[in-house]
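Each residue of the sequence shown is one higher than the one before, counting from 1206 in the working numbering.
No residue lacks a Cβ here, since even glycine has one placed at the ideal position from N, Cα and C.
Only a predicted model underlies this, so the values are computations on that prediction, with no experimental measurement involved.
Worksheet: one structure, shown below.
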Amino acid sequence: MENQERKKRIFSGIQPSGELTLGSYMGAIKNWVALQDEYECFYCIVDMHAITVRQNPAELRRRALEQLAQYLACGLDPEKCVLFIQSHAPQHAELGWILGCYTQFGELSRMTQFKQKAQQHQENITAGLFTYPVLMTADILLYQSDLVPVGEDQRQHVELCRDIAQRFNGVYGPTFTLPEAFIPRTEQGARVMSLGNPENKMSKSDPDGCVYLMDKPEDIRRKFKRAVTDSETAVRYDKENKPGVSNLLTIYCAVTGKTMAEAEAEFAGQGYGVFKPAVGEAVIELLRPIREEAGRLMGDKAYLEGIYREGARRAQLVAGKTLSKVQRKVGFIAR
Ligand code: ATP
Ligand code: LTN
1206 MENQERKKRI
1216 FSGIQPSGEL
1226 TLGSYMGAIK
1236 NWVALQDEYE
1246 CFYCIVDMHA
1256 ITVRQNPAEL
1266 RRRALEQLAQ
1276 YLACGLDPEK
1286 CVLFIQSHAP
1296 QHAELGWILG
1306 CYTQFGELSR
1316 MTQFKQKAQQ
1326 HQENITAGLF
1336 TYPVLMTADI
1346 LLYQSDLVPV
1356 GEDQRQHVEL
1366 CRDIAQRFNG
1376 VYGPTFTLPE
1386 AFIPRTEQGA
1396 RVMSLGNPEN
1406 KMSKSDPDGC
1416 VYLMDKPEDI
1426 RRKFKRAVTD
1436 SETAVRYDKE
1446 NKPGVSNLLT
1456 IYCAVTGKTM
1466 AEAEAEFAGQ
1476 GYGVFKPAVG
1486 EAVIELLRPI
1496 REEAGRLMGD
1506 KAYLEGIYRE
1516 GARRAQLVAG
1526 KTLSKVQRKV
1536 GFIAR
């Protein structure tokens, strides 16, 4: 079988629906970089997912390109992984349609992200927003992916993807590899929470609560100084009672590589006035080289174009194979 000979495959993607944040870095990209040596990786800029809510066309284009520059600046190496733009591989839409015919309305109705986004965009709840997880399923299955490195909030979508793959395999025989979500442990930042409202996840649509990869040091400093904590003074991890401080500790550990015990010991007896700026400075140092390199790459559009063109070519090679197999199995006449 093809599956036994090849390196294990990985697929993941981020929507260019806003600027990348410290949340997307810790929840996803940091892992992607670590995995690129061992696996055959496909990392995508999922622009088709982004239009499930209304986008400004010029901004969407700019952000997609910036996102590629930021992927590279974070350490993704086009020699080691395939970096591409989702709309450049038409197989995603084609498989998405087919798989939609193997997905239940009820299943999609249960998706937490849909319910949240439908709340946020009540004036524009489109069919695309509803079937979003089917397109994500197509993304993953086209590459026969074994692992899907994402943040905790995407677990439910990957589970649905497995259910759809299993159902299809059950009807037509082995067709898709069953993928697994690969989610970082909490201390490494599985879920980075908003600095302004630590009950919510850090999200790119919440400018004050989130740190953007491209934020300047003074912005980062300000955001951490204002980070919401509690009325105690002890720097101690306690997610239930001290969500703000626990989130800052999680960020600090993820950035510095220290354990929670080491971080707590470091700030023992010191108040939040010392602790909060220290976390800010650690984040500033982490992001400085990324921001500078992404800025430099944005000045070299020809280079970026070369990367995404080559990425699309390599992605289509693999995606095309899976799609043909599926089309044959469901009974379409070969083109
Ligand atoms: P939005 O809030 O607009 O839905 P987002 O900020 O969650 O967007 P996505 O593009 O949905 O960003 O997420 C990109 C990847 O980063 C996903 O794998 C997601 O799980 C992960 N991720 C995003 N935010 C966080 C976070 N705060 N903590 C951990 N992982 C995150
Ligand atoms: N749904 C994800 C983005 C996404 C994705 C994927 C992640 C689209 N397709 C395939 C992993 C694999 C999100 O909202 N963050």
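- Item | Close beta carbons around residue 1383, own chain, < 7 angstroms, minus the five adjacent residues each side | 1367, 1370, 1371, listed in sequence order.
- Query: Mind checking whether residue 1396 and residue 1357 have CB atoms under 7 angstroms apart?
  - Reply: Taking 7 angstroms as the cut-off, the beta carbon of residue 1396 is found closer than this to the beta carbon of residue 1357.
- Task: Would you be able to state if there are at least three C-beta pairs under 8 angstroms between the region 1501–1517 and the region 1459–1479?
- Result: Verdict: no, contact absent.
- Message: Taking the alpha-carbon of residue 1283 as reference, which of 1297, 1519, 1528 has the nearest alpha-carbon?
- Response: Taking only the C-alpha atoms, the option nearest residue 1283 is 1519.
- Message: For residue 1208 and residue 1522, what's the separation of their Cα atoms in angstroms?
- Response: Legend: pLDDT at residue 1208 = 48, less than 50; position of this residue unreliable, value from coordinates given subsequently. Rounded to the nearest angstrom, the two C-alpha atoms are 16 angstroms apart.
- Message: Using only the alpha-carbon positions, how far apart do residue 1535 and residue 1349 sit?
- Response: The straight-line gap from Cα to Cα measures roughly 18 angstroms.
- Message: Output needed for residue 1334: all residues of its chain with C-beta closer than 8 angstroms, excluding positions within five of it in sequence on either side, in chain order.
- Response: Closer than 8 angstroms at the Cβ level, and outside the excluded window around residue 1334, lie 1257, 1258, 1319, 1322, 1323, 1326.
- Message: Less than 6 angstroms separating the Cβ of residue 1285 from some heavy atom of the ligand ATP?
- Response: Not under cutoff, so the answer is no.
- Closer than 6 angstroms: residue 1396 CB and nearest the ligand ATP heavy atom: Within the cutoff, so yes.
- Task: Return yes when the Cβ of residue 1343 is within less than 7 angstroms of the Cβ of residue 1304, no when it is not.
- Result: Contact flag set, yes.
- Mind checking which residues open and close the beta strand (DSSP E) that includes residue 1529? Where residue 1529 is concerned, there is no enclosing beta strand (DSSP E), although the alpha helix (DSSP H) it sits in stretches over 1506–1535.
- Task: Specify the secondary structure class of residue 1439 as computed by DSSP and reduced to three states.
- Result: DSSP places residue 1439 in coil when its eight states are reduced to three.
- Task: Measure the Cβ-Cβ separation of residue 1478 and residue 1429 and say whether it is below 7 angstroms.
- Result: No; because the gap between Cβ atoms is not below 7 angstroms, this pair is not in contact.
- Unbroken beta strand (DSSP E) run spanning residue 1354, endpoints: In the DSSP assignment, residue 1354 falls within the unbroken beta strand (DSSP E) covering 1352–1354.
- Item | Pairwise C-alpha distance: residue 1481 and residue 1437 | Straight-line spacing of the CA atoms in residue 1437 and residue 1481 works out to 14 angstroms.
- residue 1450 and residue 1464: beta carbons closer than 7 angstroms? Result no, Cβ atoms of residue 1450 and residue 1464 do not sit closer than 7 angstroms.
- Task: Output the distance between the C-alpha atoms of residue 1251 and residue 1431, rounded to the nearest integer angstrom.
- Result: Cα to Cα, the separation comes out at about 33 angstroms.
- For residue 1366, which of helix, strand or coil comes out of DSSP? In the structure shown, residue 1366 sits in a helix (DSSP, three-state: H, G or I).
- Task: Kindly indicate which three-state DSSP category residue 1489 falls into: helix, strand or coil?
- Result: Three-state result, residue 1489: helix.
- Determine the contact status of residue 1229 and residue 1353, defining contact as a CB-CB distance below 7 angstroms. It is not a contact, given that the beta carbons lie outside the stated cut-off.
- Query: Cα separation between residue 1442 and residue 1491?
  - Reply: Between the C-alpha atoms of residue 1442 and residue 1491 there is a straight-line separation of about 22 angstroms.
- Query: Taking the C-alpha atoms as reference points, what is the distance between residue 1206 and residue 1533?
  - Reply: Here residue 1206 scores only 48 on pLDDT, less than 50, and its place in the model should not be relied on; the value that follows carries that caveat. The straight-line gap from Cα to Cα measures roughly 19 angstroms.
- Is residue 1268 buried or exposed, if buried means 16 or more other CB atoms sit within 10 Å of its CB? Counting every other CB atom within 10 Å of its CB across the protein chains shown gives residue 1268 a total of 16 or more, marking it as buried.
- Message: Less than 7 angstroms between C-beta atoms, sequence neighbours within five positions excluded: which residues of the same chain meet that for residue 1543?
- Response: Examination of residue 1543 is not possible in this model, given that the chain is present from 1206 through 1540 alone.
- Integer-rounded CB distance, given that residue 1231 should sit under 8 angstroms from residue 1459: With 8 angstroms as the limit, residue 1459 and residue 1231 qualify as a contact, their Cβ atoms being about 5 angstroms apart.
- Query: What span of residues does the alpha helix (DSSP H) with residue 1267 cover, start to end?
  - Reply: Per DSSP, the continuous alpha helix (DSSP H) segment holding residue 1267 begins and ends at 1262–1278.
- Item | For residue 1378, the nearest candidate out of 1219, 1537, 1211, 1531 (CA to CA) | Checking every option, the nearest Cα to that of residue 1378 belongs to 1531.
- Task: Give the range of the alpha helix (DSSP H) segment to which residue 1345 is assigned.
- Result: Boundaries of the alpha helix (DSSP H) harbouring residue 1345: 1332–1347, taken from the DSSP string.
- Item | Residue closest to residue 1285, alpha-carbon to alpha-carbon, out of 1386, 1516, 1529 | Taking each of 1386, 1516, 1529 in turn and checking the Cα distance to residue 1285, the smallest one comes out for 1516.
- Nearest residue (CA-CA) to residue 1403, options 1412, 1362, 1280, 1452: Taking the Cα of residue 1403 as reference, the smallest distance to any Cα among 1412, 1362, 1280, 1452 is reached at 1452.
- Return the CA-CA distance between residue 1277 and residue 1416, expressed in angstroms with no decimal places. Taking the straight line from one Cα to the other gives about 19 angstroms.
- Query: With respect to the beta strand (DSSP E) encompassing residue 1387, which residues constitute its N-terminal and C-terminal limits?
  - Reply: Counted as a single uninterrupted DSSP element, the beta strand (DSSP E) harbouring residue 1387 occupies residues 1385–1387.
- Task: Flag residue 1297 as yes when its Cβ comes closer than 6 angstroms to any non-hydrogen atom of the ligand LTN, and as no otherwise.
- Result: No, the ligand LTN has no heavy atom inside 6 angstroms of this Cβ.
- Task: For the beta strand (DSSP E) holding residue 1540, just list the boundary residues, first then last.
- Result: Annotation for residue 1540: no beta strand (DSSP E) segment contains it, and DSSP assigns it neither H nor E.
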